[in-house]
Amino acid sequence: MTYTREFRNPDVAKHLLERIADTVRDHAGSMTFMEVCGTHTMAIYQHGIRSLLPEKIRLISGPGCPVCVTPVDYVDHAVALARRPGTVIATFGDMVRVPGSTSSLVNEQAAGADVRIVYSPLDAVALAAKHPDRSVVFLGVGFETTAPTIAGSVIEAQRRGLDNYFVLCAHKTIPGPMAILADDPGLQVDGYLCPAHVSAIIGAEAYEPLARDHKVPSVVTGFEPLDMLQGVEMLARQVVAGEAKVEIQYSRVVKAGGNPKAREVLYRVFEPCDARWRGIGVIPGSGLGLRPEYAAFDAATRLPVEVEEPREHQGCACGEILKGKVTPRQCPLFRTACTPENPVGACMVSSEGTCAAEYKYGT
Amino acid sequence: MKSDIILLGHGSGGKLSHQLLDEIIIPALSGVARRDQNDAAVLTHGGGRLAFTTDSYVVDPIFFPGGNIGDLAVNGTINDLAMSGARPLAISVGLILEEGLPLADLRTILSSMKEAAETAGVAIVTGDTKVVPRGKADKIFINTSGIGVFDHEFDIRGSGARLGDKILINGTIGDHGMAVLASREGLDLQSDIRTDSASLHHLVVAILAAGGSAVHALRDPTRGGVATTLKEIALQSEIDITLDESSLPVSDAVGGACAILGLDPLYVANEGKLLAVVAPEAAEGVLAAMRHRPEGKGTAIIGEVTGASSGKVFMRTAIGGLRAIEMLSGEQLPRIC
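The listed protein sequences derive, respectively, from chains S and A. Reminder that position 93 of the first sequence reads as 93 in my numbering, one-by-one numbering, no gaps. Position in the second sequence counted from 1, then plus 1000, gives you my numbering.
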């Protein structure tokens, strides 16, 4: 924490804010930067960063919350599996409260389903070893950050000879939607604050096509407030200079080439597949599915269940919010029909969701 | 999606708990208004005032670093009495035991209860024991009720905060919740996080001696943490509070563990902390008096009442930004007190 406090130093923050103000002072027009990572979204709200930036700089939130971008039919599938006799659902916490078409995992849990919150996929493997008579399904949601550990859990389950451990895959990779949003004529993105943890795996080089082909400045940025202010300053300097390149602010963790070892584990178990994103639709090659040699661990094929017809909730603006086109307060359901206690959309549920952040921290 | 059944979140101490109380339980039983809901009821009899409270303990695990469910139950009920400004006199103990509980565990828990009561100078005067079949409870549940008297005329209540008041806390936050979570989940945090469970009535005596009628509200931030408790006070008193993040005491161990787990220490439970809302002219005197007590050594002024009417809580962040603070939504850490 002493180390962390150095990245929250008020004097340094003041100095960075002055430099940002100086950088944009003579620039005509405004600039819109999108933070792609849900943890960035929470950090921006948690530290009150918007309230400190010049009016010319607007921060918008993108599709970087893994729970939020998971479509409703996946939740329905998880609910159907939870109802399957002899099945244990193991998941990171946020997923349990995301509403499906007619139910959620927390409701199924209250009605008697065995839903366990775990802190690591390996905890789910341990559950499978402890309950050989039950099928343990881990909900494989997340970006390149979590996918390697989930791949590791599959390898571990195989090593232990477990035939009752399964993954319901909805992993996604982040550069695809960034490219789509960069070209969206209804959305002016002048720069990306690129995700920190994901970039530690995929490396800053993964954003080169964005800068080169889509002309969007990109800065890989850490989560501490001083990181974020410096990331904003680096983006602003690029915009003022008319440049579009990839820079690494978070150099103490992220390298240009990322983490090849983690990627090796990831791609040993998973392979790219088409994936549907809430609000964006299907993006070819933007998902991760189990390779054929690991098909025995695929909950979707090994544990067949009847999944209800997906039904999106009327009036929910999650899809547009994930694209940065609508802010939470522009959603007619925000704070009325949709609250963290009774969420209508995923963005209100996740601890990385934009609506949850606005509800919790918005002044 | 509103639920028509009880969810674990209804027991979180946060918003769902308040909804359950406001919409179901209180209308059915008593109808007491929100602004009059305090940690203990104040009864008048024969010209004197009595404080009366009850609480149930269902913590998992029942043993954790620095304490167990037994001393937690005794301290918790003493503190509920103390937060109304009362001097605790006596408590009752209701035990619900699950078939299969080792007698050695029960003896250890009872011994801790006795020691906690003796340390606090409070008598355990009555009780009840029930045993339920295996699976119908989780090892042991404890209900404690307490009764206290007032040695003064001061009126301490959640609706008592006023514009300009200072907010004080007697040390680091989140220790209890993180100790229980680390213990339950078997997390190897490589740091010694222990519960802060302690009785606080002697500290309250010191606060009242130093501040007198300038002490407007006291509350212990248990489930839901400091954030939820301050939001309750803001709503009850119809005022706004602004906290200063750089003044908020958080140990490096708890801060680091929260950062790893994605938790906000403001919402993590405490069992040996109190929030005191004190008129500004008395704040320094109360601060000094609290720091003289062993359980108040770490006291800090963490914020003040900055608005008159809307029931909002804000945080001035370390880098100078401003954000809102809401009640805990759903469940951050289940069953921690």
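The beta-carbon is built from N, C-alpha and C at its ideal position, and this holds for glycine as well. None of these values were measured; they are calculated from a predicted model.
- [ ] Look at the alpha carbon of residue 1010 of chain A and the alpha carbon of residue 166 of chain S, and state the distance between them as a whole number of angstroms.
- [x] On the second sequence, position 10 is the one that residue 1010 of chain A refers to. On the first sequence, position 166 is the one that residue 166 of chain S refers to. Using only the alpha carbons, I get a separation of about 31 Å.
Task: Extent of the continuous alpha helix (DSSP H) run through residue 1315 of chain A - done: By 1-based counting over the second sequence, the position of residue 1315 of chain A is 315. Premise fails: residue 1315 of chain A lies in the beta strand (DSSP E), 1313-1316, not in any alpha helix (DSSP H).
Open item on the list: Can you confirm whether residue 1314 of chain A, when its beta carbon is compared against all beta carbons of chain S, has any partner nearer than 8 Å?
Closed with: The residue you call residue 1314 of chain A lines up with position 314 of the second sequence. Judged by the 8 Å Cβ criterion, residue 1314 of chain A is in contact with chain S.
- [ ] Please decide whether residue 353 of chain S counts as near chain A, where near means a Cβ-Cβ distance under 8 Å.
- [x] For the purposes of this step, residue 353 of chain S is taken as the residue at position 353 of the first sequence. Answer no: the Cβ-Cβ gap between residue 353 of chain S and chain A never drops below 8 Å.
Open item on the list: Can you give me the C-alpha to C-alpha distance between residue 1 of chain S and residue 228 of chain S, rounded to a whole angstrom?
Closed with: Position 1 of the first sequence, counted from the start, is the residue given in the question as residue 1 of chain S. Position 228 of the first sequence, counted from the start, is the residue given in the question as residue 228 of chain S. Residue placement at residue 1 of chain S cannot be trusted, given a pLDDT of 46 that sits under 50; what the coordinates show is reported in the next sentence. When rounded, the distance between both Cα atoms is 18 Å.
Open item on the list: Does chain A have any CB closer than 8 Å to the CB of residue 195 of chain S?
Closed with: The count along the first sequence starts at 1 and reaches residue 195 of chain S at position 195. So, not an interface residue.
Task: Limits of the beta strand (DSSP E) - the one that residue 414 of chain S falls within - done: The question about residue 414 of chain S has no answer here: the residues shown for chain S are numbered 1 through 363.
- [ ] Determine the direct distance from the alpha carbon of residue 233 of chain S to that of residue 248 of chain S, and round the result to whole angstroms.
- [x] Position 248 of the first sequence, counting from 1, holds the residue named residue 248 of chain S. Position 233 of the first sequence, counting from 1, holds the residue named residue 233 of chain S. Spanning the two alpha carbons is a distance of roughly 12 Å.
TODO: Establish whether the CB of residue 1 of chain S and some CB of chain A are separated by less than 8 Å.
DONE: As a working note, residue 1 of chain S is residue 1 in the first sequence. Legend: pLDDT at residue 1 of chain S = 46, less than 50; position of this residue unreliable, value from coordinates given subsequently. Yes, its Cβ sits closer than 8 Å to a Cβ of chain A.
Open item on the list: Would the stretch 1146-1166 of chain A count as touching the stretch 1205-1215 of chain A if we require 3 or more Cβ pairs under 8 Å?
Closed with: yes
Task: Per DSSP, cross-strand counterpart(s) of residue 34 of chain S - done: Taking the first sequence and counting its residues from 1, one reaches residue 34 of chain S at position 34. Residue 34 of chain S pairs with S:60 and S:192.
TODO: Determine the extent of the beta strand (DSSP E) in which residue 1252 of chain A is found, giving its start and end residues.
DONE: Counted from its first residue, the second sequence places residue 1252 of chain A at position 252. First-last for residue 1252 of chain A: 1252-1261, but that is the alpha helix (DSSP H), not the beta strand (DSSP E).
TODO: With a floor of 3 residues, list each beta strand (DSSP E) that falls wholly inside the stretch 1045-1101 of chain A, ordered by position along the chain.
DONE: 1048-1057 and 1087-1098
Task: Where residue 20 of chain S sits in the DSSP three-state scheme - done: Translated into the one-based positions of the first sequence, residue 20 of chain S becomes position 20. In the structure shown, residue 20 of chain S sits in a helix (DSSP, three-state: H, G or I).
TODO: Determine, using beta-carbon pairs with one atom in the stretch 1245-1265 of chain A and one in the stretch 1168-1187 of chain A, whether at least three such pairs fall under 8 Å.
DONE: yes
- [ ] Check whether the Cβ of residue 1012 of chain A lies closer than 8 Å to any Cβ atom in chain S.
- [x] In the second sequence, the residue the question calls residue 1012 of chain A occupies position 12. Not one chain S Cβ lies under 8 Å of residue 1012 of chain A.
Task: Whether residue 1035 of chain A touches residue 1236 of chain A by CB criterion (8 Å) - done: Residue numbering aside, residue 1035 of chain A sits at position 35 when the second sequence is read from its first letter. Residue numbering aside, residue 1236 of chain A sits at position 236 when the second sequence is read from its first letter. It is a contact, given that the beta carbons lie within the stated cut-off.
Open item on the list: Is there a C-beta anywhere in chain S that falls below 8 Å from the one on residue 1020 of chain A?
Closed with: Here residue 1020 of chain A refers to the residue found at position 20 when the second sequence is read from its first residue. For residue 1020 of chain A, the answer is no, since every Cβ of chain S falls outside 8 Å of its Cβ.
Open item on the list: DSSP three-state label for residue 69 of chain S, please.
Closed with: Along the first sequence, read from residue 1 onward, the residue named residue 69 of chain S stands at position 69. Coil at residue 69 of chain S, not helix or strand.
- [ ] Can you say whether residue 1029 of chain A is buried or exposed, counting buried as having 16 or more other CB atoms within 10 angstroms of its CB?
- [x] As a position in the second sequence, residue 1029 of chain A is number 29, starting the count at 1. Exposed, by the Cβ-count rule.
- [ ] Just tell me which of S:123, S:323, S:142 and S:175 has its CA closest to the CA of residue 1186 of chain A.
- [x] Here residue 1186 of chain A refers to the residue found at position 186 when the second sequence is read from its first residue. With distances taken between Cα atoms, residue 1186 of chain A lies closest to S:123.
Open item on the list: Can you tell me whether residue 1264 of chain A is buried or exposed? The criterion is at least 16 other CB atoms within 10 Å of its CB, across all chains shown.
Closed with: Residue 1264 of chain A sits at position 264 when you count from the first residue of the second sequence. Buried.
Open item on the list: Run through chain S and tell me which residues come within less than 7 Å of residue 1185 of chain A, C-beta to C-beta.
Closed with: Sequence index remark: in the second sequence, residue 1185 of chain A carries index 185 (1-based). The contacting residues are 119.
Task: Residues that DSSP places opposite residue 171 of chain S in a beta bridge - done: Within the first sequence, numbered from 1, the residue matching residue 171 of chain S stands at position 171. S:142 and S:288.
Open item on the list: Assuming the contact rule is C-beta atoms closer than 8 Å, residue 994 of chain A and residue 1241 of chain A should be a hit. Round their C-beta distance to whole Å, please.
Closed with: What the structure shows of chain A is the stretch from 1001 to 1337, and residue 994 of chain A is not part of that stretch, so it cannot be assessed.
Open item on the list: So with CB distances below 7 Å, who are the chain S contacts of residue 1323 of chain A?
Closed with: Mapped onto the second sequence, residue 1323 of chain A falls at position 323. What residue 1323 of chain A touches in chain S: 45, 46, 48, 361 and 363.
Open item on the list: If you reduce the DSSP assignment to three classes, tell me which class residue 49 of chain S lands in.
Closed with: The residue labelled residue 49 of chain S in the question sits at position 49 within the first sequence. In the structure shown, residue 49 of chain S sits in coil (DSSP, three-state: anything other than H, G, I, E or B).
Open item on the list: Along the chain, where does the alpha helix (DSSP H) containing residue 1105 of chain A start, and where does it finish?
Closed with: Translated into positions along the second sequence, residue 1105 of chain A becomes position 105. Per DSSP, residue 1105 of chain A belongs to the alpha helix (DSSP H) from 1103-1120.
Task: Partners in chain S for residue 1016 of chain A, counting only beta-carbon separations shorter than 7 Å - done: In the second sequence, residue 1016 of chain A corresponds to position 16, counting from 1. Near residue 1016 of chain A (Cβ distances below 7 Å), the residues of chain S are 341.
Task: residue 1243 of chain A, DSSP secondary structure in three states - done: Stepping through the second sequence from its first residue, residue 1243 of chain A is reached at position 243. In the structure shown, residue 1243 of chain A sits in a strand (DSSP, three-state: E or B).
Open item on the list: Pull the bridge partners of residue 1148 of chain A from the DSSP assignment, please.
Closed with: Translated into positions along the second sequence, residue 1148 of chain A becomes position 148. Note: residue 1148 of chain A sits in a beta bridge opposite A:1051 and A:1088.
Open item on the list: Beta-carbon within less than 6 Å of residue 1139 of chain A's beta-carbon, same chain only, minus the 5 sequence neighbours each way: which residues are those?
Closed with: One-based indexing of the second sequence puts residue 1139 of chain A at position 139. For residue 1139 of chain A, where only same-chain residues beyond five positions count, the Cβ hits under 6 Å are 1062, 1098 and 1101.
- [ ] State the DSSP-derived secondary structure class of residue 354 of chain S, mapped to helix, strand or coil.
- [x] As a position in the first sequence, residue 354 of chain S is number 354, starting the count at 1. It is helical.
- [ ] Please check if any C-beta of chain S sits within less than 8 Å of the C-beta of residue 1337 of chain A.
- [x] For this step, residue 1337 of chain A is matched to residue 337 along the second sequence. Low local confidence applies: a pLDDT of 48 at residue 1337 of chain A is under 50, so the model's placement there is unreliable, with the coordinate-based value given in what follows. Chain S contact via Cβ: absent.
TODO: Assuming residue 1193 of chain A contacts residue 1182 of chain A (C-beta within less than 8 Å), just tell me the rounded distance between them.
DONE: As a working mapping, residue 1193 of chain A is identified with position 193 in the second sequence. As a working mapping, residue 1182 of chain A is identified with position 182 in the second sequence. Residue 1193 of chain A to residue 1182 of chain A, Cβ: 6 Å. Contact.
- [ ] Please decide whether residue 1173 of chain A counts as near chain S, where near means a Cβ-Cβ distance under 8 Å.
- [x] As a working note, residue 1173 of chain A is residue 173 in the second sequence. Chain S contact via Cβ: absent.
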